[in-house]
Amino acid sequence: MRRNPRELEHTHKVFSRRALLVGGIQAAMVGGLAMRMRYMQVEQADQFRLLAEENRINLRLIPPTRGEIFDREGRILGRNIPSYRIVLVPEDAGDVDKVVADLGQLVMLDPEELERARTEMRRSPPFLPITLADQVTWEDISRVAVNAPALPGVTPEVGLTRVYPRHEDLAHVVGYVGPVSDYDLSQLEDPEPVLRIPRFQIGKVGLEAKQEDLLRGKAGSKRVEVNASGRVMRELDRREGEPGADLQLTIDADLQEYVQARLGGESAAAVVLDCATGDLRAISSSPSFDPNLFVRGISVADYRALTEDKYRPLANKTVQGVYPPGSTFKMVTAMAALEEGLIGPDDTVYCPGYLEVSSRRFHCWKRGGHGHVDLQNSLKQSCDVYYYDLALKVGIDKISAMANRFGLGVRHDLPMSAVAAGLAPDRAWKKRVHDQEWLVGDTANAAIGQGFMLASPMQLAVMTARIATGREVAPRLVKSVNGVETPSGAGEPLGMNENNLRQLRRAMYAVSNDRRGTAYGSRIIDDAFRMAGKTGTSQVRNITAAERAAGVIRNEDLPWERRDHALFVSFAPYENPRYAVSVVIEHGGGGSSAAAPVARDVMLQALYGGKPPLDAYPKKDRGRIQALQERLEREQRPRARPDEKDRA
Amino acid sequence: MSYLEYNVKATPSGLRKVLYMNWPLTLLLISTACVGFLMLYSVAGGSFSPWAEPQMKRFVLGLAVMGVVAMVPIWFWRNMAVVAYGLSILLLVAVEFVGATGMGAQRWIDLGFMRLQPSELMKITLVMLLAAYYDWLPAPRTSRPFWVLVPVVMILFPTFLVLRQPDLGTAILLMTAGGGLMFLAGVHWVYFAAVIAAGVGLVSAVFQSRGTDWQLLKNYQYRRIDTFLDPSSDPLGAGYHITQSKIALGSGGWSGRGFMQGTQSRLNFLPEKHTDFIFTTLAEEFGFIGGMSLLILYALILVFCLSTALATRDRFSALVTLGISINFFLYFAVNMSMVMGLAPVVGVPLPMVSYGGSAMLVLLAAFGIVHSAHIHRPR
């Protein structure tokens, strides 16, 4: 078919025009692409480079090694041991079910843990290791290692976990660590990222919690290159962290062990304080518990057993428990009056067995009264009326101030959980808290450490040390941090009249050395180590007039919860005091019968630095003491055995 | 002008034809293919397997096919246009029944030695048919409604079949290339204005229909559109690809991170790094300079096609050459826009560079026709 040349010419012109137009559009779009490329690769390159690096580089934390805890002699109280766990990399295992079944033939696998592992496996990429069993014994690990060729993808891994070789002995002092909980994280304003590492351990209670910052150390970090699915391709660099600081305590672990054993199953607390430095040589709360149970997570049954025990093993009675100090407070009342110059040591008060205070009778513990008593006699026999009289003369505010100077009613700064301030009440306090006027009767009660008055066993030991030295002794628990000694708790002189203090000490000496003293039965007869002390028996109930008329019920006939607390405070040697000891036995009955013998035994153990010779005891007691020593040794030995195993 | 009017004696014959091939175009194609080999070697972590080596073999095969097609006189291809178009339609229908499913769409027929994507073939045969149609149609009728409707049906029928697979990307490419050819053929611009207006209406209808019973697109297609409009809305899901692609491209900077040093592709942050996203790897490792180099190679290919089309007095030759060039342009423009975040992810490979046999073979065969038009142009 022939075409008209003009027509051909026209179509060709149209085509050329349009072809150039299309070419122009294409050129514009290519230009647009080039502009876009320039914008992204030249102008925004830095931002995109940063994003690419963020994609590629992953910061991984290296958990720091927790600082260890030693006693004053360098004996280990809390340390890290390798903890073995069995992990499985599903990718390398191939047939996971078969491998797990084979592994189950070699070691016991907890079905609960397995179930958790399977859930984790489904969620995470196959190259990430999954823990199948935690805290596996060395024997199991060796079995797995030997059979490694038959168990593809299974590897033993080593981590660190905390152990407390002294078990029950220092549970309340050292406390324990545990896995970081959501609650722990919520308590912190800006939790360190290291806390989010799975299975990372944090101090929960006691020193472990209070010195967490020192013990934890600083996490290191490594930068790794990861691919899109999170697999680590290589390590780029690493920054080592700082291990936690090692803490040396003032505690003498062997003495602590003895004290713990001596307290036996009683619900009791005992404190041994070094008078010169304020060092806490032993600070025992009984009964105790094994902190190792808590490290991995305690079973419900074990935990319930601890919480439902009426002796409250979890409570640290030495600093957390507060008790009416009873007659052990009488030194404070006496010192308040002496320092005010209202009485002299030889001035006497007549005790008819009671004191009439605003038409109410305040009884002395001895119905018949003590007759005329001076300072020494009143303390020795623990006459109540003498102190009622002093207190009414000097007034509560002076007594309260004196209590504060002796360390009662003030919070001592110790790295332990729930350190109680106790209470040394005054007029302002009662007005503020109870919105009531202070009554004369309140003063009488306070004079003998009853009523509102509350003190912890640790505070009583501090009070005793301050009386013994005349210095403001402050308790100290941490002796050194990473080998650097902490300041001593020796304290400045209290600024009290030295003669008054001497009179007070002499009166305390009489308590446990004079034939008529309330603690004469618990005296030390070694002349080098003579002990001064004071008994206390604090009521936890009111004795009604009717009961008093019918004859006060004997403690032994009361249910345990209503019996009196038994207290004893002491220092020794009398001439050159080294240790102050306080003992509180909850509902133990009388201070002289229940608390003083314990305090004496503890004091001797501390003074001799081990088992004291029998001739430090009064002759008639020696047989009984020897039997007790033998029994305690028998009891201590099995508890020592697990330590040997840990050390091996 | 019909082939009967050719001065056949003036056209080269025998082996002399080889000298008259469009050699600059051939060299440009070889260069772009080499860029492809280099990148396939890189994304395989410095290895010829699994991608670079098969790609090279296919390219050699493709060059041979191109040469053979180039030697055949252009009027033969014009006469074959209807047959080729019919065959493509048959294959598109066949893929409905025997096609393998990949990524939620039926797209290829497994021939054993290669996977044939009929839709790739369709892009070229549609252009051939339209070029032949306008070569046949007397010029005055070009803009008559009936004679406009005929090519519209020719375009829409395969488009409909491709949409059924469903492959929205190829469908849009088919329509655009077909429309572009009609425009080049001289159809009155009013029709295009009307189609564009209708297109705008259709787009709004597509969005309006979302979530109703008469929803026009599949949910994944809507999600792709959403992701395109705001990739950051779903950075770990559907937006992941585009976000990572942009990071890789942008982080290349001026001169790139170095051959085989692109972290985004080496550490698998890039999806489909050997096929649709291969340009990203190029831009990451060779930077703006590398990306621009490839873009310039592509642009030069377009220029040589345009010059071939303008130089020939044969209407079929001119139309088919520019039709193929438009197709080629659409390939790389859509692919690059996609990886730069300018277009939704529609699954269009980068021509001559992305790993994939049938696309490259079909493309090289198509350039064979361009060569043929060049060799056999009326003198």
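Protein chains in written order, with the numbering used here: chain A, 1 to 648; chain B, 1001 to 1379. C-beta atoms are modelled at their ideal positions from N, C-alpha and C, and glycine is treated no differently.
Within 8 Å, strictly: CB atoms of residue i and residue j
i                  : j                  : result
Leu214 of chain A  : Ala245 of chain A  : yes
Pro1349 of chain B : Ala1359 of chain B : yes
Val1340 of chain B : Leu1249 of chain B : A small correction: the amino acid at residue 1340 of chain B is Met; Val does not occupy that position in the sequence shown. In this structure, Leu1249 of chain B lies closer than 8 Å to Met1340 of chain B by Cβ.
Pro291 of chain A  : Tyr176 of chain A  : yes
Leu1126 of chain B : Ala1185 of chain B : no
Leu1040 of chain B : His1274 of chain B : yes
Met1260 of chain B : Ser1042 of chain B : yes
Gln41 of chain A   : Gly1291 of chain B : yes
Ile1289 of chain B : Ser1245 of chain B : no
Asp564 of chain A  : Ser538 of chain A  : yes
Ile654 of chain A  : Leu103 of chain A  : Residue 654 of chain A lies beyond the stretch modelled for chain A, which goes from 1 to 648, so this question has no answer here.
Arg1115 of chain B : Gly1357 of chain B : yes
Pro64 of chain A   : Pro243 of chain A  : yes
Pro152 of chain A  : Ala93 of chain A   : yes
Ile625 of chain A  : Leu614 of chain A  : yes
Gly1036 of chain B : Met1352 of chain B : yes
From the options, residue whose alpha carbon lies closest to that of residue i
i                  : options                                       : result
Gln201 of chain A  : A:Val163, A:Ser288, A:Met233 and A:Arg600     : A:Val163
His1188 of chain B : B:Arg1144, B:Thr1263, B:His1376 and B:Gly1169 : B:Arg1144
Ala209 of chain A  : A:Gly67, A:Glu53, A:Asp302 and A:Tyr509       : A:Gly67
Glu561 of chain A  : A:Asp309, A:Asn80 and A:Gln211                : A:Asp309
Glu43 of chain A   : B:Gly1287, B:Met1066 and B:Val1195            : B:Gly1287
Gly206 of chain A  : A:Met233, A:Asp190, A:Ser229 and A:Gly178     : A:Gly178
Leu390 of chain A  : A:Pro345, A:Ser359 and A:Lys431               : A:Pro345
Asn377 of chain A  : A:Ala282, A:Ala403 and A:Gly517               : A:Gly517
Val433 of chain A  : A:Leu604, A:Pro90 and A:Phe452                : A:Phe452
Leu128 of chain A  : A:Lys619, A:Pro149, A:Ala148 and A:Val154     : A:Val154
Gly159 of chain A  : A:Glu235, A:Ile81, A:Gln260 and A:Ala336      : A:Ile81
Gly264 of chain A  : A:Arg122, A:Ile69, A:Lys619 and A:Glu586      : A:Glu586
Ala595 of chain A  : A:Trp429, A:Leu604 and A:Val584               : A:Val584
Leu1173 of chain B : B:Ile1326, B:Ala1309 and B:Asp1213            : B:Ile1326
Val194 of chain A  : A:Ser512, A:Leu50, A:Gly623 and A:Ser221      : A:Ser221
Thr11 of chain A   : B:Val1060, B:Asp1226, B:Ala1197 and B:Tyr1134 : B:Tyr1134
Thr161 of chain A  : A:Ser512, A:Gly78, A:Ser359 and A:Glu212      : A:Gly78
Amino acids of chain B, ordered along the chain, whose beta-carbon sits closer than 7 Å to that of residue i
i                 : result
Glu91 of chain A  : Within chain B, no residue comes near Glu91 of chain A; the closest Cβ sits about 16 Å away, beyond 7 Å.
Asn227 of chain A : Leu1267 and Asn1268
Phe15 of chain A  : Leu1184, Gly1186 and Ala1318
Partners in chain A for residue i, counting only beta-carbon separations shorter than 7 Å
i                  : result
Met1336 of chain B : Leu33
Gly1382 of chain B : Missing from the structure shown is residue 1382 of chain B; chain B here goes from 1001 to 1379 and no further.
Leu1015 of chain B : Simply none; closest approach about 32 Å.
Phe1146 of chain B : What Phe1146 of chain B touches in chain A: nothing, since even the nearest Cβ is about 19 Å away.
Gly1252 of chain B : Gln41
Leu1310 of chain B : Ser16 and Ala19
Closer than 8 Å at the beta carbon, the chain A residues around residue i
i                  : result
Lys1246 of chain B : Met40 and Phe48
Met1292 of chain B : Ala34 and Met37
Beta-carbon neighbours of residue i, restricted to chain B and to distances below 8 Å
i                 : result
Ser124 of chain A : Within chain B, no residue comes near Ser124 of chain A; the closest Cβ sits about 16 Å away, beyond 8 Å.
Met233 of chain A : Leu1267
Beta-carbon neighbours of residue i, restricted to chain A and to distances below 9 Å
i                  : result
Arg1315 of chain B : Leu8, Thr11, His12 and Phe15
Ile1326 of chain B : Val22 and Gln26
(Q) Three Cβ pairs or more, each shorter than 8 Å: is that satisfied between the stretch 474-488 of chain A and the stretch 414-421 of chain A? (A) yes
**Q.** Three CB pairs or more closer than 8 Å across the stretch 581-591 of chain A and the stretch 320-338 of chain A
**A.** yes
Q.
Along the stretch 1255-1282 of chain B, where does the CB come closer than 7 Å to a CB of chain A? Name the residues.
A. Thr1263, Gln1264, Leu1267, Asn1268 and Phe1269
Q) Do the stretch 1039-1054 of chain B and the stretch 1329-1347 of chain B touch if we need at least three Cβ pairs shorter than 8 Å? A) no
Q) Do three or more CB pairs link the stretch 133-148 of chain A to the stretch 106-118 of chain A at distances below 8 Å? A) yes
Q) Would you call the stretch 392-409 of chain A and the stretch 436-450 of chain A in contact, with 3 or more CB pairs under 8 Å? A) yes
Q) Quick one, which residues of the stretch 1115-1127 of chain B are near chain A if we go by CB-CB under 9 Å, in chain order? A) none
Q.
With a threshold of 8 Å, are at least 3 pairs of Cβ atoms found where one atom belongs to the stretch 295-314 of chain A and the other to the stretch 503-515 of chain A?
A. no
Q. Quick one, which residues of the stretch 140-167 of chain A are near chain B if we go by CB-CB under 7 Å, in chain order?
A. none
(Q) When you compare the stretch 511-531 of chain A with the stretch 544-555 of chain A, are there three or more beta-carbon pairs, one atom per stretch, that lie closer than 8 Å? (A) no
(Q) Pairs of beta-carbons, one from the stretch 1059-1070 of chain B and one from the stretch 1362-1373 of chain B, closer than 8 Å: are there three or more? (A) yes
Q) Using 8 Å as the threshold, is the stretch 464-471 of chain A in touch with the stretch 352-359 of chain A, meaning 3 or more CB pairs across them? A) no
Q.
For the stretch 47-58 of chain A against the stretch 1295-1313 of chain B, do three or more pairs of beta-carbon atoms, one drawn from each stretch, fall closer than 8 Å, so that the two count as touching?
A. no
**Q.** Cβ-based contacts, 7 Å cut-off: residues of the stretch 1349-1364 of chain B near chain A
**A.** none
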